[in-house]
Amino acid sequence: MSQTSISQEVDKRRTFAIISHPDAGKTTITEQMLLFGGAIRQAGTVKAKKTGKFATSDWMEIEKQRGISVTSSVMQFDYQGKRINILDTPGHEDFSEDTYRTLMAVDAAVMVVDSSKGIESQTEKLFKVCRMRGIPIFTFFNKLDRDGRDPLDLVEELEEVLGIDAYAMNWPMGSGRNLLGLYDIYNNRVQVHDPDQYEDGRDSLDLDEEGEILGDHPIKTDAQYGQTLEEALLLKEAGNDFDREKIMAGDLTPVFFGSALTNFGVQNFLDAFLEFAPKPSAQADKNRRVIQPSDPNFSGFVFKIQANMDPRHRDRIAFLRICSGQFERGMDVTLAREDKAMKLTNSTSFMAEDRETVTKAVAGDIIGLYDTGTFQIGDTIYSGKEGVEFKDLPQFTPEIFMKVDPKNVMKQKSFHKGLEQLVQEGAIQLYKTYLGNDYIVGAVGQLQFEVLEHRMKHEYNSDIEMQPIGSRIARWIDPDQLDEKMSSSRNMLVKDRFDHPLFLFENEFAMRWFSDKYPDVELRSLL
Ligand code: G4P
Numbered sequence: 001m002s003q004t005s006i007s008q009e010v011d012k013r014r015t016f017a018i019i020s021h022p023d024a025g026k027t028t029i030t031e032q033m034l035l036f037g038g039a040i041r042q043a044g045t046v047k048a049k050k051t052g053k054f055a056t057s058d059w060m061e062i063e064k065q066r067g068i069s070v071t072s073s074v075m076q077f078d079y080q081g082k083r084i085n086i087l088d089t090p091g092h093e094d095f096s097e098d099t100y101r102t103l104m105a106v107d108a109a110v111m112v113v114d115s116s117k118g119i120e121s122q123t124e125k126l127f128k129v130c131r132m133r134g135i136p137i138f139t140f141f142n143k144l145d146r147d148g149r150d151p152l153d154l155v156e157e158l159e160e161v162l163g164i165d166a167y168a169m170n171w172p173m174g175s176g177r178n179l180l181g182l183y184d185i186y187n188n189r190v191q192v193h194d195p196d197q198y199e200d201g202r203d204s205l206d207l208d209e210e211g212e213i214l215g216d217h218p219i220k221t222d223a224q225y226g227q228t229l230e231e232a233l234l235l236k237e238a239g240n241d242f243d244r245e246k247i248m249a250g251d252l253t254p255v256f257f258g259s260a261l262t263n264f265g266v267q268n269f270l271d272a273f274l275e276f277a278p279k280p281s282a283q284a285d286k287n288r289r290v291i292q293p294s295d296p297n298f299s300g301f302v303f304k305i306q307a308n309m310d311p312r313h314r315d316r317i318a319f320l321r322i323c324s325g326q327f328e329r330g331m332d333v334t335l336a337r338e339d340k341a342m343k344l345t346n347s348t349s350f351m352a353e354d355r356e357t358v359t360k361a362v363a364g365d366i367i368g369l370y371d372t373g374t375f376q377i378g379d380t381i382y383s384g385k386e387g388v389e390f391k392d393l394p395q396f397t398p399e400i401f402m403k404v405d406p407k408n409v410m411k412q413k414s415f416h417k418g419l420e421q422l423v424q425e426g427a428i429q430l431y432k433t434y435l436g437n438d439y440i441v442g443a444v445g446q447l448q449f450e451v452l453e454h455r456m457k458h459e460y461n462s463d464i465e466m467q468p469i470g471s472r473i474a475r476w477i478d479p480d481q482l483d484e485k486m487s488s489s490r491n492m493l494v495k496d497r498f499d500h501p502l503f504l505f506e507n508e509f510a511m512r513w514f515s516d517k518y519p520d521v522e523l524r525s526l527l
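First residue of the sequence shown? That's 1 in full-length UniProt numbering, and the numbers climb one at a time after it.
So this is what it looks like as structure tokens:
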């Protein structure tokens with residue numbers, strides 16, 4: 001493909017993640033989007049897959065037919081001339097460092113919030129990573145079909161807890177049974193909730209200059225309508241201004257309300273989102289070389305490695321975000337870390353099976369590389385003569401820690417080898433105690449320990465034993481301030497794999513106690 005046609009393809013790409021606290025409605029809204037894009041035909045399919053109610057074979061058939069892979073972590077579909085990649089950020093027990101790292105591979109994020117609950121802990125964590133990257137964040141307050149919290153309250157909490165300005169794109173006219181519709185501030189109209197209950201059956205009503213519904217409509221006699229008008233006016237006068245630049249920089253979040261389950265306000269949201277969500281942009285690499293997405297040379301980085309938990313298969317898939325050029329199966333590339341030439345033969349794209357689409361994987365798209373131990377998290381691969389090496393992916397502060405030992409002390413060698421490789425790959429973080437050289441592994445989610453145990457056993461033939469050590473907080477210190485006497489049972493002193501010292505604190509209280517005792521020692525977290 002020529003540079004121009006690559007550039008035309010890139011312009012169509014919109015790559016984003018949906019972040020939320022478990023149960024806020026991420027799966028439901030994803031499914032509605034897939035329905036709009038024609039990628040699935042029936043509501044309940046993704047959900048059924050998630051809960052295992054759907055026969056796998058049926059599911060695989062759907063995947064094959066539609067060329068999407070909902071079971072995997074990337075969902076791709078076409079909608080209104082755009083090619084959309086949604087990257088999954090698993091919650092619940094599947095939460096891991098990979099969840100955070102996925103956010104390094106997207107150009108925007110959609111934050112789904114349960115409007116009866118407000119901002120919850122997991123949303124907050126994922127939001128922070130998006131914020132650090134400075135990508136646009138779009139908020140969808142979900143479950144409007146239920147009685148929720150006061151919308152003004154919700155938006156205020158969003159701004160306060162997350163420290164971001166909000167701009168209401170639309171405003172709910174009631175909720176639950178009293179949901180009249182959405183007052184669409186951005187498009188100057190009212191979207192009627194249940195148009196069939198009114199004589200004229202219109203689902204969209206225009207507004208006059210005062211912001212009132214034009215002409216007659218029964219909604220105008222409802223007390224809720226008056227209240228919404230008042231609130232909308234208040235927002236216009238006292239709220240933040242709409243500012244596209246601030247949205248693009250992730251400093252202002254456009255806020256939408258709706259109900260994913262009853263499919264109210266979702267299309268409105270998706271249309272507005274696609275109007276603003278950015279296409280893939282240029283990226284600077286470690287050597288400050290700026291890589292344009294339309295550059296004919298291929299480049300990309302590995303942001304996630306998914307282990308195959310099936311004992312019959314040892315392989316794993318490395319997920320690569322394309323940053324430039326065009327992917328072709330079998331292409332020659334270089335693995336930057338080792339300056340090693342390789343062929344991308346064993347790869348998969350998350351798109352339709354037909355040749356035409358496969359040849360069009362460009363910047364913004366994700367490909368899966370079958371891997372038997374070649375790749376590490378953060379690896380760059382590129383084609384062409386000029387070397388590219390994207391910046392290292394950040395490390396995230398673990399929150400759960402285990403002491404790890406080989407079950408069989410005679411098998412120290414495979415234990416060390418396995419642990420070292422899995423740590424290098426980015427599956428888990430490893431620490432050693434100063435006293436006794438014990439091994440401690442750290443993770444952001446329980447799943448990482450399960451993957452570690454499984455892979456140690458199946459790939460390195462090493463059974464391991466893990467014991468929780470009761471620490472919850474990791475904080476790094478300046479090596480010059482290190483004094484082994486500072487270590488106690490409540491703040492275990494360890495070093496990371498780069499030999500940097502850190503403390504593992506039992507809880508906030510233990511950390512405060514430490515800071516009071518050693519006020520000069522600065523405690524630093526990763527992200
Ligand atoms: P998640 O992926 O963020 O974890 O959430 P998911 O979409 O699975 O939704 C969690 C629960 O919330 C589901 O109910 C789902 O049906 C419900 N839900 C999602 N969006 C809405 C909405 O707009 N309104 C209402 N009222 N409910 C919504 P569940 O009981 O856990 O599952 P199910 O048995 O109903 O499928």
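Beta carbons are placed, not taken as given, at the ideal position from N, Cα and C, and that holds for glycine.
For residue i and residue j, which I take to be in contact (beta-carbon distance under 8 Å), what is that distance rounded to the nearest angstrom?
i           : j           : result
residue 382 : residue 298 : 6 Å
residue 107 : residue 278 : 5 Å
residue 496 : residue 502 : 6 Å
residue 16  : residue 267 : Contact flag wrong, Cβ pair sits at about 16 Å.
residue 484 : residue 434 : 6 Å
residue 394 : residue 526 : 7 Å
residue 192 : residue 205 : 6 Å
residue 223 : residue 28  : That belief does not hold up - the Cβ atoms of residue 223 and residue 28 are roughly 30 Å apart, past 8 Å.
residue 183 : residue 242 : Going by Cβ atoms, the distance from residue 183 to residue 242 rounds to 15 Å, so no, they are not a contact pair.
residue 532 : residue 212 : No statement about residue 532 is possible, as the shown extent of the chain runs from 1 to 527 and does not include it.
residue 145 : residue 269 : Their Cβ separation, rounded to whole angstroms, is 15 Å, which puts residue 145 and residue 269 out of contact at 8 Å.
Are the Cβ atoms of residue i and residue j separated by less than 8 Å?
i           : j           : result
residue 140 : residue 161 : no
residue 18  : residue 30  : yes
residue 398 : residue 257 : no
residue 363 : residue 324 : yes
residue 380 : residue 341 : no
residue 492 : residue 469 : yes
residue 418 : residue 453 : no
residue 317 : residue 369 : yes
residue 494 : residue 432 : yes
residue 220 : residue 391 : no
residue 24  : residue 114 : yes
residue 254 : residue 132 : no
residue 148 : residue 175 : yes
residue 159 : residue 118 : no
residue 85  : residue 112 : no
Short of 8 Å in beta carbon distance, which residues of its chain neighbour residue i, apart from the five on each side in sequence? Order them along the chain.
i           : result
residue 96  : 90, 443, 444, 445, 447, 448 and 451
residue 244 : 276
residue 82  : 12, 13, 14 and 274
residue 271 : 80
residue 155 : 166, 168 and 255
residue 292 : 282 and 324
residue 456 : 415, 418, 419, 422, 462, 463 and 464
Once you ignore the five residues that flank residue i on each side, which residues in its own chain have a CB closer than 7 Å to its CB?
i           : result
residue 467 : 402 and 403
residue 407 : 463, 464 and 465
Classify residue i as helix, strand or coil using the three-state DSSP reduction.
i           : result
residue 181 : strand
residue 370 : strand
residue 468 : strand
residue 414 : helix
residue 273 : helix
residue 253 : strand
residue 238 : helix
residue 430 : strand
residue 479 : helix
residue 407 : coil
residue 302 : strand
residue 439 : strand
residue 518 : coil
residue 58  : Residue confidence for residue 58 is low, a pLDDT of 45 falling below 50, so the modelled location carries little weight and cannot support an answer.
residue 288 : coil
residue 175 : coil
residue 225 : helix
residue 131 : helix
residue 142 : strand
residue 17  : strand
Ordered along the chain, which non-local residues of its own chain (more than five positions away) have a Cβ less than 6 Å from that of residue i?
i           : result
residue 521 : 477 and 481
residue 290 : 282 and 284
residue 430 : 423, 441 and 497
residue 105 : 303 and 321
Check: Quick one: complete beta strand (DSSP E) runs, 3+ long, within the region 63-120?
Finding: 74-79, 82-87 and 108-114
Notebook entry, point to check: Enumerated in chain order, which unbroken segments of the beta strand (DSSP E) with a length of 3 residues or greater are wholly contained in the region 481-505?
Noted result: Taken in chain order, the unbroken stretches of beta strand (DSSP E) that lie wholly in the region 481-505 and span 3 residues or more are 491-495 and 501-505.
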